[in-house]
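Notes follow the structure.
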Amino acid sequence: MPEVRLLRKALGIRLFEQRLLKLFSEGRLFGTVHTCIGQEWTGVAVAEHLQSSDVIFSNHRCHGHYLARTGNFEGLFAEIMGREAGICRGRGGSQHICDANVFSNGIQGGIMPVSAGIAYAQKIEDAGNITVVFIGDGTLGEGAVYETLNLASMWGLPLLVVLENNLYAQSTSQQQTLSGDILGRPQAFGIETRRGNTWDPVALIASMGQAIGQVRETRQPLFFCIDTYRLMAHSKSDDDRSRDEVEHYWKKDLLHSARETHPEVLEPLTSELEEMLDAAVSQAERSPLSNEFEAALHEPAGFWTETIIEGSERVVNRIYVGLRTAMEQDERVILLGEDIEGPYGGAFKVTKDLSQLFPGRVRNAPISELAITGISNGLALRGMHPVTEIMFGDFVMLAADQWINHAAKFQYMYANQVTVPLVLRTPMGGKRGYGPTHSQSLEKHLLGVPGTQVLALHNRYDPALIYGALLKDVDRPTLVIENKVLYGDKTSAEAIDGYKWFHSSHRFPISYMHTENHADLIILCMGGMLSEVEKAIEQLFFEHDVIAEVLCPTQIFPLQIEAILSIVQRSGKLLLVEEGHGFCGFTAEVLAEIYERDPSVRIRRVYSHSQHIPSSKPLELEVLPNAARIVRDALVLGADR
Amino acid sequence: MNAGVPILLERDNVNDEFVVLTRWFVKDGGMVEDGTLIAEIETSKASVEVLAPQSGYLHWSVVEKAEVPLSDPIGHILPEPVPAGSLLVDLLKDREVSSSQQSAQPIRSPIAAIETSQVREKKDGQLPDKDCLVFASSMGYTQHISRGAQELMKAHNIAGKHFVGMALVRADDVLAVYQGKPIPSTVRARKEDVSGTVAEEVAGPLQGMPKLPVTEVPLSRMKKSEGKSLSSGAKNTIPSSVSVTCLTRGLRTALESDSVVAGSLGALVIYESARLLRKYSAFNSTYRSGVMLRYEQVNIGYAVDDGRGLKVVVLRDCDQKSLGAITTELRELVLSYLEDKLNPGQISGGTFTISDLSGIGISSFVPLISENQGAILGLGSEQFVPGSKEGFYTLTLGFDHQLSEGRTAALFLNDLKDRLLSYEKAVVKNISDIEVILCARCGRASTDLPDERSFMVQSVFPPGYLCNLCMMGL
Numbered sequence: 072m073p074e075v076r077l078l079r080k081a082l083g084i085r086l087f088e089q090r091l092l093k094l095f096s097e098g099r100l101f102g103t104v105h106t107c108i109g110q111e112w113t114g115v116a117v118a119e120h121l122q123s124s125d126v127i128f129s130n131h132r133c134h135g136h137y138l139a140r141t142g143n144f145e146g147l148f149a150e151i152m153g154r155e156a157g158i159c160r161g162r163g164g165s166q167h168i169c170d171a172n173v174f175s176n177g178i179q180g181g182i183m184p185v186s187a188g189i190a191y192a193q194k195i196e197d198a199g200n201i202t203v204v205f206i207g208d209g210t211l212g213e214g215a216v217y218e219t220l221n222l223a224s225m226w227g228l229p230l231l232v233v234l235e236n237n238l239y240a241q242s243t244s245q246q247q248t249l250s251g252d253i254l255g256r257p258q259a260f261g262i263e264t265r266r267g268n269t270w271d272p273v274a275l276i277a278s279m280g281q282a283i284g285q286v287r288e289t290r291q292p293l294f295f296c297i298d299t300y301r302l303m304a305h306s307k308s309d310d311d312r313s314r315d316e317v318e319h320y321w322k323k324d325l326l327h328s329a330r331e332t333h334p335e336v337l338e339p340l341t342s343e344l345e346e347m348l349d350a351a352v353s354q355a356e357r358s359p360l361s362n363e364f365e366a367a368l369h370e371p372a373g374f375w376t377e378t379i380i381e382g383s384e385r386v387v388n389r390i391y392v393g394l395r396t397a398m399e400q401d402e403r404v405i406l407l408g409e410d411i412e413g414p415y416g417g418a419f420k421v422t423k424d425l426s427q428l429f430p431g432r433v434r435n436a437p438i439s440e441l442a443i444t445g446i447s448n449g450l451a452l453r454g455m456h457p458v459t460e461i462m463f464g465d466f467v468m469l470a471a472d473q474w475i476n477h478a479a480k481f482q483y484m485y486a487n488q489v490t491v492p493l494v495l496r497t498p499m500g501g502k503r504g505y506g507p508t509h510s511q512s513l514e515k516h517l518l519g520v521p522g523t524q525v526l527a528l529h530n531r532y533d534p535a536l537i538y539g540a541l542l543k544d545v546d547r548p549t550l551v552i553e554n555k556v557l558y559g560d561k562t563s564a565e566a567i568d569g570y571k572w573f574h575s576s577h578r579f580p581i582s583y584m585h586t587e588n589h590a591d592l593i594i595l596c597m598g599g600m601l602s603e604v605e606k607a608i609e610q611l612f613f614e615h616d617v618i619a620e621v622l623c624p625t626q627i628f629p630l631q632i633e634a635i636l637s638i639v640q641r642s643g644k645l646l647l648v649e650e651g652h653g654f655c656g657f658t659a660e661v662l663a664e665i666y667e668r669d670p671s672v673r674i675r676r677v678y679s680h681s682q683h684i685p686s687s688k689p690l691e692l693e694v695l696p697n698a699a700r701i702v703r704d705a706l707v708l709g710a711d712r
Numbered sequence: 252m253n254a255g256v257p258i259l260l261e262r263d264n265v266n267d268e269f270v271v272l273t274r275w276f277v278k279d280g281g282m283v284e285d286g287t288l289i290a291e292i293e294t295s296k297a298s299v300e301v302l303a304p305q306s307g308y309l310h311w312s313v314v315e316k317a318e319v320p321l322s323d324p325i326g327h328i329l330p331e332p333v334p335a336g337s338l339l340v341d342l343l344k345d346r347e348v349s350s351s352q353q354s355a356q357p358i359r360s361p362i363a364a365i366e367t368s369q370v371r372e373k374k375d376g377q378l379p380d381k382d383c384l385v386f387a388s389s390m391g392y393t394q395h396i397s398r399g400a401q402e403l404m405k406a407h408n409i410a411g412k413h414f415v416g417m418a419l420v421r422a423d424d425v426l427a428v429y430q431g432k433p434i435p436s437t438v439r440a441r442k443e444d445v446s447g448t449v450a451e452e453v454a455g456p457l458q459g460m461p462k463l464p465v466t467e468v469p470l471s472r473m474k475k476s477e478g479k480s481l482s483s484g485a486k487n488t489i490p491s492s493v494s495v496t497c498l499t500r501g502l503r504t505a506l507e508s509d510s511v512v513a514g515s516l517g518a519l520v521i522y523e524s525a526r527l528l529r530k531y532s533a534f535n536s537t538y539r540s541g542v543m544l545r546y547e548q549v550n551i552g553y554a555v556d557d558g559r560g561l562k563v564v565v566l567r568d569c570d571q572k573s574l575g576a577i578t579t580e581l582r583e584l585v586l587s588y589l590e591d592k593l594n595p596g597q598i599s600g601g602t603f604t605i606s607d608l609s610g611i612g613i614s615s616f617v618p619l620i621s622e623n624q625g626a627i628l629g630l631g632s633e634q635f636v637p638g639s640k641e642g643f644y645t646l647t648l649g650f651d652h653q654l655s656e657g658r659t660a661a662l663f664l665n666d667l668k669d670r671l672l673s674y675e676k677a678v679v680k681n682i683s684d685i686e687v688i689l690c691a692r693c694g695r696a697s698t699d700l701p702d703e704r705s706f707m708v709q710s711v712f713p714p715g716y717l718c719n720l721c722m723m724g725l
């Protein structure tokens, strides 16, 4: 029998969740609740040995882990009731909490690399802190788990993985989904394992103490499997387990049986806790419901300045200079990616010798885009400024879960208690003959995710300045699209005769090739399309007497629409050019944004043929938008006076 | 006037043309008291706090971390809150007015004050452009002359000195100098035939041959002359076109019962167009090297083709003839065409052409301008949604962009549309011969549909037609 202090913790969690079920049935909660009734001792055992600067990252079934650590019943009640007094102001609810170094997210698997990233930051900080991540046996189906185990072992991260083995993934028995041995998995990665159960809490707490002590001391990961059983349904009314089986575990449950064996302890404890919960509920319900929209970033029109670029280095070198300068100025900047260490220095040679100049701060990662991005997320959560290279833009899709369900969400759903200064760099675009899976422009799939920004570099504004501005105070997940063909182009503000390059006053400026004559039309493009558009503008003027100007925003999300509109309205005609597919693409969105503000602007679009990108070069060049197509569409648009 | 008071920055360091606004302490649109700390700026030497110059509502002109020229206001204090979004534009409009009337003096805040006269001087120098659209460059633009302009300059021996200071020089600009007019630098240029005469086909027999195996089929003389007329028309013009859709309840059918035109929609359109061409004379003209040659007569060509070759029969002085006379003349001309008895006088001298494909189910098309003309009207057939009483047809005007522009063409078409519609209203009384179809679901006949806006659509399942009521689940 554990001491009363620990019993109070475990019983408090159970009574809290039973109260949640009651409140739920009364319609006083939002969403659903996943109770840990029967599993309470896992959270209690971990909390018992953690220091306040250690981190817990939990999952959808997180109440017990949080309450064992903090005892903040009122804050969690208010959160699940969707109220301003909630620990995340009612934004996260039951599955998404952040308080006192306890985090949780409702996505299975993705929390593994994020936790590993936090542990990595703790390793860099070297203050003896560790991270505990809670997963379930159901999570073993996720690839992110194995990518992370590999990296945590490889890099020696102070990460304790606690697996709550309750035999079911929602309604599906382990017998249908789990092959091999649970502990055999971490062992295959060279990670030491422990095992315990919740039916002997005293032994579990002691064993957990040793495990945590070992991780703290050795700075190596450890895997702890806790056999347990969930006595209530996964969520609500989704329980098909046999009555006999559930009954069997109720009998084994210590908190349950102690009511009969030790009523003298349990009864006063129960009534004391119920009284405390009454007060917590009524206090929580006094708070107003969550009521604030997230503020959108306002991007006013600003003003324009002539662009002057000294010298003319290749774009790839200017990116290198930007990264190197940031690394010199801020030791929080670290680089992760595949094949980025020198002397190889990245598939496109962007990182060159940075690993030699900044030992330990530029790291080759295994081919695990999801885990690399997740670890970067964790690093960013902990205040580092990771700049992570995804070797080809096509591979960003492998990391999309980390981008959309983790990085983008954290700041909002954790009520601005955290920021995620994560930078993801990736080359996109074709014309190098790499074929269907290494040539795409996939940015449209990642545009418009609230809380993020997407930049596209080009050669008419110094990429080193963009990275300088970004890494000086990056405040949100930022995807930077570098174009493969542009890497080799010269960075220069040399314009076509009769024109000059200007840029707007935004933090990430719009570049604008302007002439003093009245323009017949404006062409708007981004990234690698700029060189084709410039060729087209020269042809349009020289061969066809048509004056076109080009706008090339660097920040493609959120769109700096006010500034764009003010230029576009001067000619009233806009040609949009995009390397990717047009359907639901960047240009479709610009078209909509312009039309919503000024329906009198005439607009056409040029984009990739709706097909995959062939490797054969002549066909590839026809599939992608080119100067000839831009000229043709510009003439059609221009003739329509 | 509700012009805002600009918040200007003190020039505390002469070397700084730009400062960085590091932080706003008050939200955009927030209320401030006189002297409230509203922002912090960073100069190369120090951070400076900016206080509100007076009470009111703050509107930002720049965002945090933006670089601001010292001469520009970082924001404005407005007397009353303004809905978000429209702020910037409205404010700038107000400010333009106020600065020209010199009515709203910027108030100097204790810290934020600079030589306002200098600021206004700069603002007054600008045309009604917004602040954000000033493009100041360190050096002049390198001049760029288009190929067309270069050729014209060479042909007319025009020196480059006429275009000093122009960034881009187009054929139009050269032509203007040649004709002694002001340079139309804001007008879109066009292709120019340098010699002023109609160029002959340049392509020799061996040029531009297709690479795939071909069989040579000689064209008839008629087809060749038709091609020559059209291609010279195309060479001398910048073809452009606009279309208008006209609602109808069956003009063509109604005309058949009309005693005057006796079914000839073509005659009616010739009659109405002829009257409009006096008003829109640009379409009754032709273009020669920068000059519009306006025809004194309105001779309308009407394209006929029953399969034995396109011929354009010409009706002279249409603007002076009655509808009945035109109907008779057109019928006679078509008859002569069918009998191959057209004489050269009957197919030459047109000043405007009408191509009527309404009889053969064409919905719309872009007609080609004939030689020595400036415009052509295309007449599409009436299209009816099954079961609906209302249909539409399309009028397309192809015109030479050197003589006119889309707007005028649109006005012409709309006038024509109105005249045809009023004619239709007069002759269309009862339309009885609409095909009656039944809704496959409710069995309602198309004639029993509740109002004029009802319609039937073709349906795969249930097979047949569905009325719009059933389709919407009513």
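Quick mapping for you: the protein sequence lines, in order, are chains A and B.
Count the first sequence with the working numbering and you get residues 72 to 712, in order.
Count the second sequence with the working numbering and you get residues 252 to 725, in order.
The beta carbon of each residue, even a glycine, is placed where N, CA and C say it ideally should be.
Remember, predicted model here, so these are calculated numbers, not experimental data.
Open item on the list: Starting from Arg-229 (chain B), trace the beta strand (DSSP E) in both directions and tell me its first and last residue.
Closed with: Look at the range of chain B in this structure, 252 to 725, and you will see that residue 229 (chain B) is not part of it.
Task: Interface residues of chain B facing Ser-576 (chain A) [CB-CB closer than 8 Å] - done: Per Cβ cutoff of 8 Å: Val-313, Ala-317, Glu-318, Val-319.
Task: Any chain B beta carbon closer than 8 Å to Asn-487 (chain A) - done: No, Asn-487 (chain A) lies away from the interface with chain B (no Cβ there is under 8 Å from its Cβ).
Open item on the list: Only counting the same chain, and skipping five residues up and downstream in sequence, which positions put a Cβ closer than 8 Å to that of Asp-556 (chain B)?
Closed with: Only Lys-562 meet the Cβ criterion.
Task: Val-415 (chain B) versus A:Gln-258, A:Leu-293, A:Glu-587, A:Ser-575, residue with shortest Cα-Cα distance - done: Minimum Cα distance to Val-415 (chain B) is reached at A:Glu-587.
Open item on the list: Among the candidates A:Glu-263, A:Asn-476, A:Gly-207, A:Leu-441, whose CA atom is the shortest distance from the CA of Thr-248 (chain A)?
Closed with: Considering only alpha carbons, the answer is A:Gly-207.
Open item on the list: Assess contact between the stretch 376-388 of chain A and the stretch 383-391 of chain B, defined as three or more Cβ pairs (one per stretch) separated by less than 8 Å. Is contact present?
Closed with: Verdict: yes, contact present.
TODO: Just tell me which of A:Val-232, A:Glu-335, A:Leu-394, A:Phe-144 has its CA closest to the CA of Val-551 (chain A).
DONE: It is A:Leu-394.
Open item on the list: Per the DSSP calculation, Ile-328 (chain B) is bridged to which residue(s)?
Closed with: Note: Ile-328 (chain B) sits in a beta bridge opposite B:Val-256, B:Leu-309.
Task: Leu-498 (chain B), buried or exposed, once every other Cβ within 10 Å from all chains shown has been counted against 16 - done: Leu-498 (chain B) should be labelled exposed.
Task: CB contact check: Val-555 (chain B) to chain A, cutoff 8 Å - done: Not an interface residue.
Open item on the list: Would Glu-476 (chain A) pass as an interface residue toward chain B - the criterion being a Cβ-Cβ separation below 8 Å?
Closed with: Before going further, note that residue 476 (chain A) is Asn rather than Glu in the sequence given. Not closer than 8 Å to any Cβ of chain B, the Cβ of Asn-476 (chain A) fails to qualify, so no.
- [ ] Name the residue from A:Val-75, A:Arg-434, A:Ser-383 whose alpha carbon lies nearest to the alpha carbon of Pro-339 (chain A).
- [x] When only C-alpha atoms are compared, the closest one is A:Val-75.
Task: Through-space distance from Ala-479 (chain A) to Ala-192 (chain A), alpha-carbon basis - done: Roughly 20 Å between the two C-alpha positions.
TODO: Rank B:Ser-532, B:Val-617, B:Lys-592, B:Val-271 by C-alpha distance to the C-alpha of Val-495 (chain B) and give the top, closest one.
DONE: For the set B:Ser-532, B:Val-617, B:Lys-592, B:Val-271, the Cα lying nearest the Cα of Val-495 (chain B) is the one of B:Val-617.
Task: Same chain only: Cβ atoms within 7 Å of Glu-150 (chain A), ignoring 5 sequence neighbours per side - done: Take Glu-150 (chain A), set aside five residues on each side of it, and the residues of its chain with a beta-carbon closer than 7 Å to its own are Gly-157, Ile-158, Cys-159, Gly-161, Gly-163, Gly-164, Ile-168, in chain order.
Task: Rounded distance between the beta-carbons of Ile-608 (chain A) and Asp-591 (chain A), thought under 8 Å - done: The Cβ separation is near 11 Å, so there is no contact.
TODO: Please state if the CB of Leu-664 (chain B) and the CB of Leu-654 (chain B) are separated by a distance shorter than 8 Å.
DONE: The criterion of a C-beta distance shorter than 8 Å is not satisfied by Leu-654 (chain B) and Leu-664 (chain B).
Task: Any 3 or more C-beta pairs closer than 8 Å across the stretch 580-599 of chain B and the stretch 607-617 of chain B - done: In short, these stretches do not touch, since the Cβ pair count stays below three.
Open item on the list: Restricting to Cα atoms, I'd like to know which of A:Ala-139, A:Asp-533, A:Leu-230 is closest to Phe-295 (chain A).
Closed with: The shortest Cα separation from Phe-295 (chain A) among A:Ala-139, A:Asp-533, A:Leu-230 belongs to A:Leu-230.
Task: Integer-rounded CB distance, given that Leu-406 (chain A) should sit under 8 Å from Arg-432 (chain A) - done: At roughly 7 Å, the Cβ-Cβ gap stays under 8 Å, so Arg-432 (chain A) and Leu-406 (chain A) are in contact.
TODO: Could you work out which residues of chain A lie near Leu-426 (chain B), taking near to mean beta carbons separated by less than 8 Å?
DONE: What Leu-426 (chain B) touches in chain A: nothing, since even the nearest Cβ is about 11 Å away.
Task: Short Cβ contact (8 Å threshold) for Thr-659 (chain B) with Ala-533 (chain B) - done: Ala-533 (chain B) is positioned such that its CB atom lies closer than 8 Å to that of Thr-659 (chain B).
- [ ] Taking C-beta pairs closer than 8 Å, name the residues in chain B that His-585 (chain A) reaches, listed in chain order.
- [x] The answer, in chain order, is Phe-386.
Task: First through last residue of the beta strand (DSSP E) which encompasses Lys-679 (chain A) - done: The amino acid at residue 679 (chain A) is misidentified as Lys; the sequence shows Ser. First-last of the beta strand (DSSP E) with Ser-679 (chain A): 673-679.
Task: Gly-284 (chain A) - containing alpha helix (DSSP H), residue span - done: From DSSP, the alpha helix (DSSP H) with Gly-284 (chain A) extends over 272-289.
TODO: Quick one: list the residues of chain B neighbouring Lys-571 (chain A), beta-carbon separation under 7 Å, in chain order.
DONE: The contacting residues are Ser-388, Tyr-392.
Task: Thr-625 (chain A) and Tyr-558 (chain A) closer than 8 Å at C-beta - done: In this structure, Tyr-558 (chain A) does not lie closer than 8 Å to Thr-625 (chain A) by Cβ.
TODO: Would you identify the three-state DSSP class for Phe-613 (chain A), choosing helix, strand or coil?
DONE: Helix at Phe-613 (chain A).
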